Amino acid sequence: MPEKSPSVYGPHGNFHNPPEVAHDAPAYSVISTTVDGPYHNVGIVCHSCDSWPGNSLSVTSEKQAWVFANNYDWLMQTDDPAKPLTLHTFYDQFHLNMKLIHSDVESLGPWELIDNARTSVLGPGETSSSTSSRRPSPYVVHGALLSLAFMALMPAAVTIIRIRHGSSFRNHWILQTISVAAATSGIGLGAYSSQLLIEVCDASVLGQWCRRFQIITGGNFEMPQVPSARGSHQITGLLILAGLLAAPSLGHLHHVRFLKLGHRTAFTEWHRRTGYMTIVSGWANVLLGLYVAGRSRWWSAAVTGWCVILVCCISMIPKYVNSGRLGQSYVKLEQVSE
0 MPEKSPSVYG
10 PHGNFHNPPE
20 VAHDAPAYSV
30 ISTTVDGPYH
40 NVGIVCHSCD
50 SWPGNSLSVT
60 SEKQAWVFAN
70 NYDWLMQTDD
80 PAKPLTLHTF
90 YDQFHLNMKL
100 IHSDVESLGP
110 WELIDNARTS
120 VLGPGETSSS
130 TSSRRPSPYV
140 VHGALLSLAF
150 MALMPAAVTI
160 IRIRHGSSFR
170 NHWILQTISV
180 AAATSGIGLG
190 AYSSQLLIEV
200 CDASVLGQWC
210 RRFQIITGGN
220 FEMPQVPSAR
230 GSHQITGLLI
240 LAGLLAAPSL
250 GHLHHVRFLK
260 LGHRTAFTEW
270 HRRTGYMTIV
280 SGWANVLLGL
290 YVAGRSRWWS
300 AAVTGWCVIL
310 VCCISMIPKY
320 VNSGRLGQSY
330 VKLEQVSE
């Protein structure tokens, strides 16, 4: 909204979830909102922000860390302070000398900008030699790698190994190696970005039972914590990682035993079961990841439809090829063309 001053309100963000309006946030005053070309300037005075529980703000620090986030592809032209924000596509940190801006006197300024060294957001038609300010979020790369692995490479590898052809085994393990590498990299990137912190929330479903138990026993118990949607996504990802490591190991043992004995063994069945469970779990976690990222239901519907198509391809294409109908179709096509 370049023609208007920016709207300001106090949101509260938890982990990587989209921020929501914080009704218990400290009081603040907006003293100025101006637009200077591509820059939107906001002057804010926060009252007793250092007393807000759950933060590490120090009003005496000369290098206090702050974080900012934005979404370059989202346009919002509204003055509604309750308007929800979309998941950010970029974030970074900056530091402020709090001693220069802290005051024990209730004053509304105005104050000059402490530091005007900032990266410009390019306007229409502008170009820049540097694109570092729009580098993709690690969570976007995380989702892209895992979607590629579970929604394309792994189903293709499973379909190929079910086709009776001399090159099926070689193509299968090549695709699976690439898919496991992509999935492992994606999970590792997600774990690194989340700092290995599993997000939890209050078990509201168990809340009434806890209160009843407190009344009966007269005790004072804290609300039990359970994994949130994001925490469940993280835990499922770690379980999938275990499956990604187990399935290739079982596949190697199956291959060794098959060459020695000439028939399938228990390693064969467990390799197949572990692989199928890992793929299906990956599909479910992709859907859960879309929910955590705040994507619309159309994304989930599209992914669900694609999974149905993949199931049909995995089950039907090998039968069609192995039955010889594909070759017969080619023969009929050549006869018609002649």
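Residue numbering for the sequence shown follows numbering that gives the first Met the number 0, starting at 0 and increasing by one per position. Note that the Cβ used here is the ideal one computed from N, Cα and C, for glycine as well. In this text the structure is predicted, and so the values were computed from the model without any measurement.
Whether residue i touches residue j by CB criterion (8 Å)
i, j, result
"THR32", "VAL44", "no"
"VAL291", "HIS232", "yes"
"ARG169", "PRO317", "no"
"GLY185", "LEU237", "no"
"ALA64", "GLN92", "yes"
"THR303", "LEU286", "yes"
"ILE239", "SER280", "yes"
"ILE313", "THR158", "yes"
"GLY274", "ALA246", "yes"
"HIS46", "PRO25", "yes"
"LEU188", "VAL140", "yes"
Residue i beta carbon near the ligand FMN (any heavy atom closer than 7 Å)
i, result
"TRP269", "This structure simply doesn't include the ligand FMN, nor any ligand for that matter."
Own chain, CB closer than 7 Å to residue i, minus 5 neighbours either side, in chain order
i, result
"TRP269", "LEU249"
"ALA143", "none"
"THR130", "Any reading at THR130 must be qualified, since the residue scores a pLDDT of 41, below 50, and its modelled position is unreliable; no value is offered."
"LEU252", "PHE266"
"LYS346", "Outside the displayed span of the chain (0 to 337) sits residue 346, for which this structure offers no information."
"LEU56", "CYS48, ASP49 and GLN63"
"CYS306", "TRP282"
"SER167", "ILE159 and ILE160"
Distance between beta carbons of residue j and residue i, contact taken as under 8 Å
i, j, result
"MET276", "GLY230", "About 21 Å; that fails the 8 Å criterion."
"VAL66", "MET97", "No, VAL66 and MET97 are not in contact; Cβ-Cβ is about 15 Å, not under 8 Å."
"ARG256", "THR264", "5 Å"
"ARG163", "ASN321", "5 Å"
Delimiting residues of the beta strand (DSSP E) encompassing residue i
i, result
"CYS45", "38–45"
"THR33", "27–35"
Span of the alpha helix (DSSP H) around residue i
i, result
"VAL255", "228–260"
"ARG296", "296–321"
"THR175", "Just to set this straight, residue 175 is Gln in the shown sequence, not Thr. First-last of the alpha helix (DSSP H) with GLN175: 167–192."
"GLU268", "265–291"
"THR158", "153–160"
Beta-carbon proximity list for residue i, same chain, < 8 Å, skipping 5 on both sides
i, result
"TYR191", "PRO137"
"THR183", "LEU240 and LEU243"
Own chain partners of residue i with C-beta closer than 6 Å, once the 5 adjacent residues on each side are dropped
i, result
"MET153", "SER178 and ILE278"
"ALA156", "HIS171, LEU174 and GLN175"
"ALA181", "LEU144, LEU147 and ALA148"
"HIS94", "LYS62 and ALA64"
"SER60", "MET97"
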